[in-house]
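One structure is given here, and the rest of the page talks about it.
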Amino acid sequence: MSAKRVYIDYLQDIVDYAEKAMRFVQGVSYDDFADNEEKVFAVVKAIEIVGEAARNIPKSLRAKYPAVPWVQVTGMRNKVTHEYFSVDLEVVWKTVKEDLPALRKTVRQMLDDISRQDVQS
């Protein structure tokens with residue numbers, strides 16, 4: 004039986020899977036990415052997990068971090084999960100190259116903030 008997951012676990016998932024997606028495309032051109040089925044599948048799956056994890060963050064915590072585009076993050080998850088047949092690889096590429104680094108940075112800050120609050124409590 005697995006342990007019950009809490010929102011900190013989901014925040015860590017966002018960081019971990021954003022990093023994985025970014026690592027999967029490191030040193031790779033868009034064309035090489037788009038032509039590599041394994042890389043595409045790996046990146047899309049990582050984005051799906053990031054979105055699913057974001058969906059599990061309590062609304063009250065999301066409200067404290069309005070800089071995170073929560074709706075877009077979960078929307079991307081919905082797109083790659085339910086509309087997998089029409090995923091635009093250029094959008095996936097832009098997400099990994101431009102959006103995930105900022106998301107990872109902000110979620111790391113969230114984890115640091117939570118850790119500091121726990122220490123002060």
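Under the numbering used here, think of the first position of the sequence shown as 4, with each following residue one higher. Beta carbons: idealized from backbone N, C-alpha and C, even for Gly. Given the structure is predicted, the values throughout are model-derived calculations rather than measurements.
Short check: CB of residue i to CB of residue j, under 7 Å?
{"i": "A71", "j": "T98", "result": "Here residue 71 turns out to be Val, not Ala, going by the sequence shown. Result no, Cβ atoms of V71 and T98 do not sit closer than 7 Å."}
{"i": "A105", "j": "V76", "result": "no"}
{"i": "A24", "j": "L103", "result": "yes"}
{"i": "V31", "j": "R111", "result": "no"}
Less than 8 Å between the CB atoms is what I'm expecting for residue i and residue j, so what's the real figure, rounded?
{"i": "V53", "j": "K42", "result": "Between K42 and V53 the Cβ distance is about 16 Å, and since that is not below 8 Å, they are no contact."}
{"i": "V83", "j": "V74", "result": "Actually they do not touch by this definition, with Cβ atoms about 15 Å apart."}
{"i": "I60", "j": "Y10", "result": "6 Å"}
{"i": "R8", "j": "E51", "result": "Going by Cβ atoms, the distance from R8 to E51 rounds to 17 Å, so no, they are not a contact pair."}
Identify whether residue i lies in helix, strand or coil by the three-state DSSP scheme.
{"i": "Y68", "result": "coil"}
{"i": "S89", "result": "helix"}
{"i": "S32", "result": "coil"}
If I measure Cβ to Cβ from residue i and keep anything under 8 Å in the same chain, skipping five residues before and after, which residues do I get?
{"i": "W96", "result": "V28, Y33, F36 and A37"}
{"i": "Y87", "result": "V47"}
{"i": "A45", "result": "K23, A24 and F27"}
Using the rule of at least 16 other Cβ atoms within 10 Å of the residue's Cβ for burial, across every protein chain shown, is residue i buried or exposed?
{"i": "Y13", "result": "buried"}
{"i": "R107", "result": "buried"}
{"i": "R119", "result": "exposed"}
Near residue i, what residues of its chain come up, given a Cβ to Cβ distance below 7 Å and the 5 sequence neighbours on each side ignored?
{"i": "M113", "result": "L14 and Y68"}
{"i": "D16", "result": "I52 and A56"}
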